[in-house]
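Quick note on my numbering: the sequence shown kicks off at 778 and runs consecutively.
Ideal Cβ placement from N, Cα and C applies to all residues, glycine included.
Just so we're clear, the structure is a prediction, and the values are computed from it rather than from any experiment.
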Amino acid sequence: MFREGIMVHLALRMVAVVAALGGMMAPAQAQSPADFFAALFGGLVRPQPQAARPMDVLPPMEAERPTRTVAYCVRMCDGHYFPMSTTEDADAKCAAFCPNAEARVFRGCFAAGA
Numbered sequence: 778m779f780r781e782g783i784m785v786h787l788a789l790r791m792v793a794v795v796a797a798l799g800g801m802m803a804p805a806q807a808q809s810p811a812d813f814f815a816a817l818f819g820g821l822v823r824p825q826p827q828a829a830r831p832m833d834v835l836p837p838m839e840a841e842r843p844t845r846t847v848a849y850c851v852r853m854c855d856g857h858y859f860p861m862s863t864t865e866d867a868d869a870k871c872a873a874f875c876p877n878a879e880a881r882v883f884r885g886c887f888a889a890g891a
């Protein structure tokens with residue numbers, strides 16, 4: 778009788794294990810193998826990398842950076858310079874700042890981040 782009890786207990790245990798595995802395998806047929814192993818082993822399988830979409834491959838469009846014109850008054854004798862406003866009378870102002878030396882106004886475009 779004791780032996781029959783053990784056999785019944787083992788049979789019930791096997792039925793429970795098969796039922797549990799069967800419950801896991803039924804949805805796995807509709808899922809990919811990675812999902813089956815993730816369900817079985819708790820997510821140890823790494824997900825497959827997604828193919829790059831065309832929008833991900835293209836570089837982002839850069840907006841045009843604002844530029845501004847700058848002017849510098851440069852003393853020609855020693856190269857000392859200082860910034861000025863870019864007005865029409867910049868040459869006259871530069872000459873007035875350096876009355877005893879030759880001075881020239883240099884204008885250019887200053888790009889942010891250059």
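Distance from A848 to S862 at the Cβ level is roughly 7 Å; contact confirmed, criterion being Cβ atoms closer than 8 Å. Membership of C871 in the alpha helix (DSSP H) is indicated by the continuous run A867 to F874.
Between the C-alpha atoms of R790 and A828 there is a straight-line separation of about 45 Å. V882 is not a Cβ neighbour of D866, given a cutoff of 7 Å.
Using a 10 angstroms sphere on the CB of C850, the tally of other CB atoms reaches 16 or more, which defines it as buried. Distance from the Cα of T864 is smallest, within the candidate group M853, H857, R884 and C875, for R884. Between the alpha carbons of A816 and I783 lies a distance of about 31 Å.
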